[in-house]
Every structure is written in C-alpha cells, then in structure tokens.
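Engineer: Residue numbers (our numbering): -11 to 146.
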C-alpha cells in the first residue's frame, strides 16, 4: 500500500510540475498580451521601432500554437498516469487499438483531472465538442465486457 501511495504521490507531483510549467507559459502569454497598453507600446516603440497590434496578436497566437502542440507535455502526462495508475494508458491502448491518437490525447487530459474547458483549450475544441467526446468515451468504455471499462469511465467522470 505504501508503494502504491508513493507512486501516486510521485505521479501527482510530476503532473503538478507539468501543469505549473504550462500555467507559467500561459501567464507569460497573458502578461505579454495585456502589457501592451498605449504607454507600454510607446516605450517599446521608442526602443525597438514601430509595433502594431497585429504583431502582438501574431506573437500571442504563435505562442498559443506552440503550447497546444507540445506533445512532450502530453507524453509526460501519459507516463505519469501509467506509473501511478497501474499502466492504465497502456491497457487502454490495448483494449481500444482503434482509438485515434487525438482521442487518446484527450483521454489523457481527462484521466489527469483537467476540466472540460482546459481540454478544449489544449485541444482547440469547443465546449460542446468536448462534452460530446466525453459522453462518447464513457459509453464506449462501459460497453467493454471486462471490469476495466468501468474504471476508465469513472476516470472520465471525475
């Protein structure tokens, strides 16, 4: 039991560190985006030349795209889930070999405890699309004859 708790604590701290890294990146984006008040823009233009709002928006969108496409982050979350939850993602991949990689990435976020809104943000999906997928995954998992499907469905429901 202590070994299981130790693994869960390690995985939770790993997930926490990964999430904190993403939050820090998002805070930097937000600071950069909203720090472009007329005064800040004037000071920056004085030092670096003319800056347009389009330049600011382009930079923000580029950083957001980088954040969304960070596959190392998703892979690390999956690794943490496997180590803390008895290889759950490996089992899921075995039980459902026809699931697309995008579906598996979304499931990793759900199993890691992310909200619908966060999943939508990271995967560039609407709230309705996230809810629809979540419902579809639960139905798929509960249709599995073994007891594992209920475990998968319960992790989706958190």
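For every residue, glycine included, the Cβ atom is placed at its ideal position computed from N, Cα and C. Because the structure is a prediction, the values reported are computed rather than measured.
Please report the straight-line C-alpha distance between residue 128 and residue 145, rounded to a whole angstrom.
Structural biologist: 13 Å
Engineer: I need the straight-line Cα distance from residue 123 to residue 48, nearest angstrom please.
Structural biologist: Taking the Cα positions, residue 123 is about 32 Å away from residue 48.
Engineer: In or out: residue 142 buried (at least 16 other Cβ within 10 Å) or exposed?
Structural biologist: When all chains shown are included, residue 142 counts as exposed.
Engineer: Just checking residue 47 against the ligand ADP - is the residue's beta carbon closer than 7 Å to any of the ligand's heavy atoms?
Structural biologist: Among the ligands in the structure shown, none appear at all, so the ligand ADP cannot be discussed.
Engineer: Just tell me which of 46, 45, 53 and 43 has its CA closest to the CA of residue 110.
Structural biologist: Check the Cα spacing between residue 110 and each of 46, 45, 53 and 43: the tightest is with 53.
Engineer: Can you tell me where the alpha helix (DSSP H) with residue 72 in it begins and where it stops?
Structural biologist: 59 to 72
Engineer: Could you work out which residue in 85, 62 and 113 is closest to residue 132 when comparing CA atoms only?
Structural biologist: When each option's Cα is compared against that of residue 132, the closest is 85.
Engineer: Counting only the same chain and skipping the five closest in sequence on each side, list residues whose C-beta sits under 7 Å from that of residue 136.
Structural biologist: 79 and 83
Engineer: Between 96, 103 and 62, which has its C-alpha nearest residue 115's C-alpha?
Structural biologist: 103
Engineer: For the alpha helix (DSSP H) that contains residue 83, what are its first and last residues?
Structural biologist: 76 to 83
Engineer: Mapping DSSP to helix, strand and coil, what is residue 90?
Structural biologist: Here residue 90 carries a helix assignment [DSSP, helix/strand/coil].
Engineer: Using alpha carbons as the reference points, say which of 76, 120 and 87 lies closest to residue 99.
Structural biologist: 76
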